[in-house]
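To convert, note that position 110 of the sequence shown is 111 in the working numbering; the numbers rise steadily by one, no gaps. The beta-carbon is built from N, C-alpha and C at its ideal position, and this holds for glycine as well. Presented below is the structure to which this report refers.
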Amino acid sequence: MIASLRGSVVHASSDGLVLEVAGVGYSVAVTPDVSRTVHLGDEILLHTHMIVREDALSLVGFRTREELAVFAALIAVSGVGPKSALGVLAELRIVQIALAGADGAARPVRKVPGIGAKTATRIVAEVTGQR
């Protein structure tokens with residue numbers, strides 16, 4: 002498993018980076034926050050989650066281990082895949098997710114494109130530990 006990558010940004014788009022590490026370019030999906038804050042040639046460290054599927058291997062990268070942990074918790078929720086989990090992290094800060102759990106209100110999570118009312122309720126209950 003690839004747990005982190007440190008290297009130079011050789012390509013950036015709104016949803017991903019190519020990070021060159023020891024001469025190998027790794028394609029890493031990231032939130033728009035990450036891609037907006039890097040420039041070509043920047044050296045960065047990303048904490049990564051490797052997704053293994055029957056037809057593909059992919060990496061998702063985060064600036065902090067806390068974001069990585071929230072991503073892992075999100076994809077553990079029934080009905081939430083990596084794309085939806087990245088969408089939640091793109092739209093909401095970790096503190097906003099925690100506040101939603103404290104309030105018991107899934108409203109902020111429902112505003113994320115592709116997340117319905119039932120999934121939002123499950124996210125708030127399971128990710129924040131509020132049942």
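What residues in its chain sit with their C-beta under 6 Å from that of Glu-127, if we drop five residues either side in the sequence?
Contacts found: Val-78.
Taking the alpha-carbon positions, what's the Lys-112 to Leu-41 distance?
Going from the Cα of Lys-112 to the Cα of Leu-41 covers about 32 Å.
Helix, strand or coil at Ser-79 according to DSSP, with G and I counted as helix
Here Ser-79 sits in coil by DSSP.
Residue span of the alpha helix (DSSP H) that contains Arg-108, given as start and end
Arg-108 -> alpha helix (DSSP H) spans 108–111.
Assign Glu-127 to one of three DSSP states: helix, strand, or coil.
Three-state DSSP puts Glu-127 in a helix.
Entirely enclosed beta strand (DSSP E) segments - the region 11–92, minimum 3 residues:
List check, beta strand (DSSP E) in window: 17–22, 25–30, 44–53, 58–63.
Have a look at Val-25 and Leu-69 and give me their C-alpha separation to the nearest angstrom.
Approximately 23 Å, taken between the alpha carbons.
Residue from Arg-54, Leu-20, Ser-14 whose Cα sits closest to the Cα of Leu-47:
Ranked by how close their Cα comes to the Cα of Leu-47, the residues Arg-54, Leu-20, Ser-14 have Leu-20 in first place.
In the DSSP assignment, what residue or residues form a beta bridge with Arg-94?
DSSP lists no partner for Arg-94.
Kindly give me the distance between the Cβ atoms of Val-31 and Gly-8, rounded to whole angstroms, as I take these residues to be in contact under 8 Å.
In fact, because the Cβ distance is near 13 Å, the residues do not count as touching under 8 Å.
Considering only the beta carbon of each residue, do Val-61 and Val-110 sit closer than 8 Å?
Here Val-61 is not near Val-110, since their CB atoms are 8 Å or more apart.
Whole angstroms is fine: what's the gap from Ile-76's alpha carbon to Leu-18's?
Just so you know, the alpha carbons of Ile-76 and Leu-18 end up roughly 21 Å apart.
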